[in-house]
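Chains as they are written, first to last, in my numbering: chain A, 16 to 230; chain B, 16 to 230. Notes to accompany the following structure.
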DNA sequence: CTAGCTACCGAACGCCCGTTAGGTGTAGGA
DNA sequence: TCCTACACCTAACGGGCGTTCGGTAGCTAG
């Protein structure tokens with residue numbers, strides 16, 4: 016329950032929390048309504064359907080991730096620096112928005128296959144993965160990375176980053192900067208990138224905290 | 016739908032498939048019954064409840080993982096070798112049993128909190144994580160590993176391994192041996208283990224394929 | 001031939017689901 | 001003062017849910 020006045024945002028906030036914790040299928044409109052002090056019918060004044068609510072969260076989530084990533088990488092040329100920013104930002108966004116990213120990463124199966132929303136989210140996810148794919152391919156082509164299998168390396172690194180939303184706690188023992196630095200270090204050595212030269216600084220304040228992410 | 020004659024096993028097999036693909040909450044007993052050519056009532060001759068079915072899969076899954084791990088590590092003394100076996104086996108078990116491991120990793124939230132089953136699975140999961148924790152701590156204590164933060168390194172590596180169940184395909188471009196070798200390499204360099212000495216061989220045929228894992 | 005067991009089925013129980021139709025109250029502008 | 005727009009409500013719809021009860025068909029042992 017958030018202190019925002021905008022009811023649509025309060026609904027999104029409660030929804031992303033419950034979808035992340037119990038799962039979409041296990042969350043009823045009535046549960047959601049109770050969390051924002053409405054009746055089930057009241058929800059439908061702000062939301063077309065339960066599935067449209069999920070689709071909206073996932074669409075805006077992915078769009079924000081892609082937009083932020085393009086902004087961060089803009090003007091960065093060296094593959095090693097680009098990969099460092101990809102690893103750091105994906106990790107940090109998962110740490111800063113655990114509920115939203117859990118829904119983004121885990122609830123694709125809850126969108127009706129073949130519906131426009133389903134295809135749209137898949138396209139967004141593929142677009143994001145394409146940035147990683149291209150970055151690694153470019154690094155290998157330029158001789159900046161040496162890997163046995165590009166796809167394997169990418170999947171290993173992305174799993175490591177996305178896993179962050181499952182365990183990171185802001186009041187835990189390791190500050191976010193340390194997590195990102197550690198993961199960037201692991202990632203760069205995993206692709207045999209030059210370990211000597213400086214790693215570009217990642218300004219965490221440039222990363223999105225989704226307005227509906229529960230506080 | 017499996018060709019086994021044992022109906023209890025056919026139910027487990029269909030259940031783990033549907034739980035992994037749609038999620039526990041989105042799978043009904045009637046769906047499950049249809050998949051094994053029974054009526055909903057017929058299921059209850061073999062299973063006490065829907066939740067007991069999930070709990071059984073998770074309990075036996077974790078128990079098999081822990082038992083296999085202890086067997087693999089038995090007699091292996093050097094932390095570097097132990098960690099290599101942990102990484103390789105966790106990766107391979109996720110690749111060989113994608114449905115079971117997805118349920119094990121993702122459906123803990125579907126067990127009623129405070130129920131015996133819920134606490135039991137948490138204890139099993141903690142026991143398994145303890146093996147990793149102890150291995151890394153021992154390696155650091157003995158000077159075999161150098162890490163900034165033990166918990167961070169463990170979580171990064173385990174996320175990488177468990178992610179395998181989400182993307183690995185037996186008919187894909189990389190054979191399982193390559194995946195394991197690659198991940199072991201990434202993991203050992205992540206903890207700054209001695210990169211020179213030989214990595215112990217992991218016999219994939221020693222790893223469990225759960226009898227209910229769909230084929 | 002019968003008794004008992006296993007493996008089911010048909011029908012129903014009470015409950016909860018997503019969604020909708022139609023109404024109510026309130027706030028702000030003309 | 002009336003009007004419109006918004007933000008919600010009560011009540012209900014058809015349907016699916018997990019689960020249970022009371023069977024029944026088929027097999028095996030005595």
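In this text, a Cβ means the ideal position worked out from N, Cα and C, and glycines have one as well. For clarity, every value in this text was computed on a predicted model and none was experimentally measured.
With distance defined between alpha-carbon atoms, name the residue in the options nearest to residue i.
i                      : options                      : result
residue 199 of chain A : A:28, A:169 and A:226        : A:169
residue 30 of chain B  : B:131, B:20 and B:43         : B:43
residue 100 of chain A : A:163, A:146, A:58 and A:122 : A:146
residue 26 of chain A  : A:108, A:141, A:59 and A:157 : A:59
residue 117 of chain B : A:121, A:114 and A:115       : A:121
residue 107 of chain A : A:221, A:33 and A:230        : A:221
residue 109 of chain B : B:208, B:175, B:93 and B:206 : B:175
residue 191 of chain B : B:207, B:102, B:38 and B:48  : B:102
residue 21 of chain B  : B:34, B:50, B:61 and B:163   : B:61
residue 95 of chain B  : B:154, B:148, B:182 and B:85 : B:154
residue 180 of chain B : A:171, A:163 and A:49        : A:171
residue 128 of chain A : A:66, A:224 and A:202        : A:66
Just how far apart, CA to CA, sit residue i and residue j?
i                      : j                      : result
residue 210 of chain A : residue 204 of chain A : 7 Å
residue 52 of chain A  : residue 28 of chain A  : 13 Å
residue 188 of chain A : residue 56 of chain A  : 43 Å
residue 159 of chain B : residue 123 of chain B : 34 Å
residue 17 of chain A  : residue 114 of chain A : At residue 17 of chain A, the pLDDT of 38 sits below 50, so the modelled position is not reliable; the number obtained from the coordinates is stated separately. Roughly 15 Å between the two C-alpha positions.
residue 142 of chain A : residue 185 of chain A : 29 Å
residue 152 of chain B : residue 178 of chain A : 22 Å
residue 88 of chain A  : residue 218 of chain A : 12 Å
residue 74 of chain A  : residue 83 of chain A  : 14 Å
residue 140 of chain A : residue 132 of chain A : 12 Å
residue 166 of chain B : residue 156 of chain B : 14 Å
residue 32 of chain A  : residue 196 of chain B : 38 Å
residue 40 of chain B  : residue 80 of chain B  : 25 Å
residue 35 of chain B  : residue 76 of chain B  : 13 Å
residue 212 of chain A : residue 93 of chain B  : 33 Å
residue 224 of chain A : residue 230 of chain A : 10 Å
residue 206 of chain A : residue 90 of chain A  : 22 Å
residue 162 of chain A : residue 202 of chain A : 12 Å
residue 148 of chain B : residue 164 of chain B : 12 Å
residue 130 of chain A : residue 78 of chain A  : 19 Å
residue 182 of chain A : residue 119 of chain A : 16 Å
residue 208 of chain B : residue 208 of chain A : 18 Å
residue 37 of chain A  : residue 45 of chain B  : 22 Å
residue 144 of chain A : residue 50 of chain B  : 35 Å
Using a Cβ-based criterion (distance less than 7 Å to any ligand heavy atom), does residue i qualify as near the ligand GTP?
i                     : result
residue 68 of chain B : Ligands are entirely absent from the displayed structure, and the ligand GTP is therefore not among its contents.
Check this for me: beta carbons of residue i and residue j, under 8 Å apart or not?
i                      : j                      : result
residue 226 of chain A : residue 24 of chain A  : yes
residue 112 of chain A : residue 228 of chain A : yes
residue 126 of chain A : residue 173 of chain A : no
residue 150 of chain A : residue 86 of chain A  : no
residue 48 of chain A  : residue 54 of chain A  : yes
Any contact between the region 127-139 of chain B and the region 51-71 of chain B? By contact I mean 3 or more CB pairs, one from each, below 8 Å. The region 127-139 of chain B and the region 51-71 of chain B touch, with no fewer than 3 CB-CB distances between them shorter than 8 Å.
Could you name the residues of the region 114-130 of chain B whose beta carbon sits closer than 8 Å to any beta carbon of chain A, in the order they occur along the chain? If the cut-off is 8 Å between Cβ atoms, the region 114-130 of chain B has 121, 124 and 125 near chain A.
Under 9 Å, CB to CB, which of the residues in the region 153-172 of chain A have a partner in chain B? 162, 163, 164, 166, 167, 168, 170, 171 and 172
Quick one: which residues of the region 36-51 of chain A get their C-beta closer than 9 Å to a C-beta of chain B? List them in chain order. 36, 37, 38, 39, 40, 41 and 42
Taking Cβ-Cβ distances below 7 Å as the criterion, which residues of the region 200-220 of chain A are in contact with chain B? 201, 204 and 205
Output, in sequence order along the chain, the residues in the region 173-187 of chain A whose CB is closer than 7 Å to any CB in chain B. 174, 175, 178 and 182
Beta carbons nearer than 9 Å to chain B: which residues of the region 189-200 of chain A have them? 189, 193, 194, 196, 197, 198 and 200
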